[in-house]
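Engineer:
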Amino acid sequence: PCPVPGVTFSDTASATEPCKPCTQCEGLQSMSAPCVETDDAVCRCAYGYFQDEASGGCRECRVCEVGFGLMFPCKDSQDTVCEECPEGTFSSEANFVDPCLPCTTCEENEVLVRECTAVADAECRGLHPRWTTPAPAPGGSESPEPATREPLSTEGVASTAADTATTVMGSSQPVVTHGTSDNLIPVYCSILAAVVVGLVAYIAFKRWNSCKQNKQGANNRPVNQTPSPEGEKLHSDSGISVDSQSLHEQQPPGQGTQGP
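In terms of the numbering used here, the sequence shown is numbered consecutively and its last residue is 250.
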């Protein structure tokens, strides 16, 4: 083995061949593999450079100009390979790392302001809220006038929400007039439950109040007094009533009860 590791190496098994000195990475080169007893050091060019096989030195990578994109990257001993951006792609910056990028496609609510070219992307802009996209006429008219769309006012939105459902008097179910919304169903259920609870409470209160008044009236009514036997009237067949107490008082003293 070589006496000084990292300084000399020997890649052949020989008793007579001397050790070789390790390669030193200098300048724009950086070490990718160190020098060991059986292998030499491996140097590579720094980022942005490639190794020229003819001279053995490092050369700067080729830059793809505007309108051209990267096809094969610059690395090791290969320079950058560029390609012209095809239709539907663009490259607006000169570099050696970015390929041609796809052009931007405008959304339905946007209008195209600038077409996409090989050197610039397409430019889109949102439509004005008062204008809609002009639709071409079936007959092929050249410039149809765009239809205006007035923004909804606050009162219109409030009236629309108020007219969504109406409740018929005497009925517990809402009659839908302008459509339903899932968000309004819990509100209607809460209102209906409150109405039912209120009616039950009102009926219970009225019945309790009525029972209370009847009980007070029964306590205030005078008690019927049973007449005494002396106050009973004798009714004859002719319909003339005679008070028994009066008859007793009118009897002469001699007709009283005779003793034994």
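Glycine included, each C-beta is placed from N, C-alpha and C at the ideal position.
Identify every residue that forms a DSSP beta bridge with residue 41.
Structural biologist: For the purposes of this step, residue 41 is identified with residue 51 of the sequence shown, where counting begins at 1. DSSP, once it has assigned bridges, lists 48 as partnering residue 41.
Engineer: Since residue 52 and residue 86 are thought to touch, with beta carbons under 8 Å apart, how far apart are those beta carbons, to the nearest angstrom?
Structural biologist: For the purposes of this step, residue 52 is identified with residue 62 of the sequence shown, where counting begins at 1. For the purposes of this step, residue 86 is identified with residue 96 of the sequence shown, where counting begins at 1. Their Cβ separation, rounded to whole angstroms, is 6 Å, which keeps residue 52 and residue 86 in contact under 8 Å.
Engineer: I'd like to know whether the C-beta atoms of residue 12 and residue 25 end up nearer to each other than 8 Å.
Structural biologist: Looking up residue 12 in the sequence shown gives position 22. Looking up residue 25 in the sequence shown gives position 35. Yes. Within cutoff.
Engineer: I want to know whether the segment 33 to 48 touches the segment 8 to 22 - three or more CB-CB distances under 8 Å.
Structural biologist: yes
Engineer: Let's test the definition: count the other Cβ atoms within 10 Å of the Cβ of residue 39 and tell me whether it reaches 16, buried, or not, exposed.
Structural biologist: Taking the first residue of the sequence shown as position 1, residue 39 is located at position 49. Answer is buried; the Cβ neighbour count reaches 16.
Engineer: For residue 58, name the three-state secondary structure that DSSP assigns.
Structural biologist: Numbered from its first residue, the sequence shown carries residue 58 at position 68. Residue 58 falls in the strand class under three-state DSSP.
Engineer: Compare the beta carbon distance of residue 101 and residue 117 with 8 Å and say whether it is the shorter of the two.
Structural biologist: The count along the sequence shown starts at 1 and reaches residue 101 at position 111. The count along the sequence shown starts at 1 and reaches residue 117 at position 127. In this structure, residue 117 lies closer than 8 Å to residue 101 by Cβ.
Engineer: With 16 other CB atoms within 10 Å as the buried threshold, where does residue 189 fall?
Structural biologist: Position 199 of the sequence shown, counted from the start, is the residue given in the question as residue 189. That one is exposed.
Engineer: By a C-beta neighbour count over all protein chains shown, 10 Å radius and 16 as the cutoff for buried, is residue 108 buried or exposed?
Structural biologist: Walking along the sequence shown from the start, residue 108 turns up at place 118. So residue 108 ends up on the buried side.
Engineer: Which of helix, strand or coil does DSSP assign to residue 68?
Structural biologist: Taking the sequence shown and counting its residues from 1, one reaches residue 68 at position 78. Note: residue 68 maps to strand in three-state DSSP.
Engineer: On the three-state DSSP scale, how would you describe residue 15?
Structural biologist: Residue numbering aside, residue 15 sits at position 25 when the sequence shown is read from its first letter. Per DSSP, reduced to three states, the secondary structure at residue 15 is coil, with no helix or strand assignment.
Engineer: Roughly how many angstroms lie between the CA atoms of residue 56 and residue 44, to the nearest whole one?
Structural biologist: Here residue 56 refers to the residue found at position 66 when the sequence shown is read from its first residue. Here residue 44 refers to the residue found at position 54 when the sequence shown is read from its first residue. As the crow flies, the alpha-carbon of residue 56 is around 29 Å from that of residue 44.
Engineer: For residue 251, write down the residues that DSSP places opposite it in a beta bridge.
Structural biologist: Beyond the ends of the chain as shown, which are -9 and 250, falls residue 251; an answer cannot be given.
Engineer: State the Cα-Cα distance for the pair residue 78 and residue 99, rounded to the nearest angstrom.
Structural biologist: Locating residue 78 in the sequence shown gives position 88, counting from the first residue. Locating residue 99 in the sequence shown gives position 109, counting from the first residue. Each residue's alpha carbon lies about 21 Å from the other.
Engineer: Looking at the secondary structure, which residues open and close the beta strand (DSSP E) in which residue 117 lies?
Structural biologist: Stepping through the sequence shown from its first residue, residue 117 is reached at position 127. Where residue 117 is concerned, there is no enclosing beta strand (DSSP E), given that its DSSP letter is neither H nor E.
Engineer: Which residues mark the beginning and the end of the beta strand (DSSP E) in which residue 105 is found?
Structural biologist: Counting from one through the sequence shown, the residue named residue 105 turns up at place 115. Residue 105 -> no beta strand (DSSP E), and no H or E assigned at all.
Engineer: Grab me the residues of residue 181's own chain with a C-beta within less than 7 Å of its C-beta, minus the 5 sequence neighbours each way, in chain order.
Structural biologist: One-based indexing of the sequence shown puts residue 181 at position 191. Contacts found: none.
Engineer: Whose CA, out of 28, 59, 199, 47, lies closest to the CA of residue 110?
Structural biologist: Taking the first residue of the sequence shown as 1, we reach residue 110 at position 120. For residue 110, the nearest C-alpha among the options comes from 59.
Engineer: Helix, strand or coil: how does DSSP classify residue 91 here?
Structural biologist: Here residue 91 refers to the residue found at position 101 when the sequence shown is read from its first residue. Three-state result, residue 91: strand.
Engineer: Between the Cα of residue 66 and those of 75, 82, 88, 41, spot the shortest distance and give me the residue it belongs to.
Structural biologist: Here the question's residue 66 lines up with position 76 in the sequence shown. Out of 75, 82, 88, 41, 41 has the C-alpha closest to the C-alpha of residue 66.
Engineer: Spatial neighbours of residue 103 within its chain, please: CB distance less than 6 Å, with the 5 preceding and 5 following residues excluded, ordered by chain position.
Structural biologist: Reading the sequence shown from its first residue, position 113 is the one you call residue 103. Once the five neighbours on either side are set aside, the close Cβ partners of residue 103 are 113, 115.
Engineer: Would DSSP call residue 22 helix, strand or coil?
Structural biologist: Within the sequence shown, residue 22 is the residue found at index 32, counting from 1. Residue 22 falls in the strand class under three-state DSSP.
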